[in-house]
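Comments concern the structure below.
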Amino acid sequence: MADWPTGMVRDIAVPKGLIGGPFGSMLGGKDYVPGGVPVIRGVNLASDGFFDVSEFVYVTPAKAAGELARNLARPGDVIFTQRGTLGQVGIVPPAPHDTYVVSQSQMRLRVDPARADPRYVYYQFRSPAMRSLVRGSAITAGVPHINLGILAALPIVIPPLAVQREVADLLTSLDEKIAGNERLAATALALAEAEFAAAMAGRSRSGVLGDVLDLVYGKALPAGLRNPGPIPVYGSGGRSGSHDTALVPGPGIVVGRKGTVGAVHWSSTDFFPIDTTYYVRPRTISLQYAYLLLRGLGLEGMNSDSAVPGLNRARALAVPIRIPERPELERAVPLFALRDRLERENEALRALRDDLLPRLVSEGLRGARQPRRMAR
């Protein structure tokens, strides 16, 4: 590790820069309105990336400027979870708002720009060592939690500002590339869905789901039998871990059988669907068309009558469908190829970022092994 000074979080905060959320009676469901000043909650502190701006609730500007004036955040502030998912951290983005309210379960750090770059602080707290430190500092009586005193006293490495900015610039560029790929992948999927809708509106014949694909049972894989590896393991709710051996070559489709019944998931790589799922074996259509078809069939509403909710295979395969002519079925394939390429690229970028993160925040660019070459 570079011989950099360490301090406490309070040392890098502006005066009154550490604040918590309001008392419970000051902010609740009764105060939420359709628009106004957004409230930062744990759901906004995305596990991968800076911030999730799609899940806000709001209070009126008058409420924010009045009762909640001591609980505000602005772009560049670092937000920590106080109770719930300890170790969770986010940084308020420059858009789409300029003022936010911090909820009861969050705390805000406003960094002194003469001491630290808030992006560097954010990334340092995203490192495995700091997440572990936060969780290990929790008060465990009742619901595990930390408070402003604990946060203020946490140790932090404070390199020269120039080093902080270099590290933050590199890690930010990786996160921004990942976010850009995600937006492009979402656009590709939306275009594929439009092609699917056009195909369904054209010439087609009647059939049932079993005419075009089969649903094959997944295989049990208890957590204790999984080995470290790159293969995604899918349960009915989506990806639930990894393993060193695939059951099915990718790309492929997973359908929830028990638990999250009827949920449809796409894997761009080889994968392992467990026994709470089916995987799809196409008969006469492409996997890409099968995915779009399954998403629109309402399988989530086809729970069996047993005590444990489940998707009955025979009943699902008997669902009536429309089958377009062959050329129409292939139009979505190139768009899925683009989406798959972007998802694989993001997997590589995340692995690179997660490998660099702990070394960069403790050693800087010179201490990490060839970070600039790897970043390209």
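Using our numbering, the first residue of the sequence shown is number 8, and each one after it goes up by one.
Every residue gets a Cβ at the ideal spot worked out from N, C-alpha and C, and that includes glycine.
Integer-rounded CB distance, given that residue j should sit under 8 Å from residue i
i           : j           : result
residue 209 : residue 335 : 6 Å
residue 21  : residue 117 : 5 Å
residue 178 : residue 367 : 7 Å
residue 317 : residue 265 : 5 Å
residue 165 : residue 123 : 6 Å
residue 278 : residue 244 : Not really, about 14 Å apart at Cβ, beyond 8 Å.
residue 328 : residue 150 : Incorrect: roughly 48 Å between the Cβ atoms, too far for contact.
residue 49  : residue 112 : 6 Å
residue 281 : residue 231 : The pair is not a contact, with the Cβ atoms about 13 Å apart (cut-off 8 Å).
residue 287 : residue 262 : 7 Å
residue 34  : residue 75  : 7 Å
Simplified DSSP state of residue i, which is helix, strand or coil
i           : result
residue 113 : strand
residue 13  : strand
residue 249 : strand
residue 265 : strand
residue 234 : coil
residue 212 : strand
residue 70  : helix
residue 23  : strand
residue 79  : strand
residue 119 : coil
residue 98  : strand
residue 360 : helix
residue 257 : coil
residue 86  : strand
residue 380 : Unreliable placement is indicated for residue 380, whose pLDDT of 42 sits below 50; the coordinate value is still reported in the next sentence. It is helical.
residue 187 : helix
residue 317 : strand
residue 239 : strand
Of the residues the options, the one placed nearest residue i, counting alpha carbons only
i           : options            : result
residue 143 : 162, 128, 127      : 162
residue 349 : 297, 278, 190      : 190
residue 83  : 129, 62, 46        : 129
residue 28  : 44, 67, 79, 21     : 79
residue 60  : 70, 40, 45, 192    : 45
residue 39  : 94, 110, 93, 101   : 110
residue 217 : 321, 169, 105      : 321
residue 102 : 140, 304, 57       : 57
residue 365 : 135, 91, 351, 231  : 135
residue 158 : 280, 18, 272       : 18
residue 333 : 206, 326, 233, 275 : 206
residue 184 : 15, 351, 16        : 351
residue 246 : 222, 211, 284, 221 : 284
residue 296 : 305, 120, 200      : 200
residue 298 : 271, 324, 275      : 271
residue 172 : 92, 121, 249, 273  : 121
residue 24  : 16, 331, 309       : 16
residue 345 : 356, 174, 198, 228 : 198
Boundaries (first-last residue) of the beta strand (DSSP E) holding residue i
i           : result
residue 327 : 327 to 331
residue 284 : 284 to 289
residue 104 : It is not in any beta strand (DSSP E) - residue 104 carries neither H nor E in the DSSP assignment.
residue 63  : Looking at the DSSP string, residue 63 is not in any beta strand (DSSP E), and its letter there is neither H nor E.
residue 275 : Residue 275 -> no beta strand (DSSP E), and no H or E assigned at all.
residue 221 : 220 to 224
For residue i, the first and last residue of its enclosing alpha helix (DSSP H)
i           : result
residue 301 : 294 to 302
residue 324 : 320 to 324
| query | In chain order, which continuous runs of the alpha helix (DSSP H) of length 4 or greater are located wholly inside the region 126 to 163? | reply | 135 to 143, 155 to 160, all fully within the region 126 to 163.
| Sequence ranges, beta strand (DSSP E) only - wholly within the region 28 to 59, length at least 3 | List check, beta strand (DSSP E) in window: 44 to 47.
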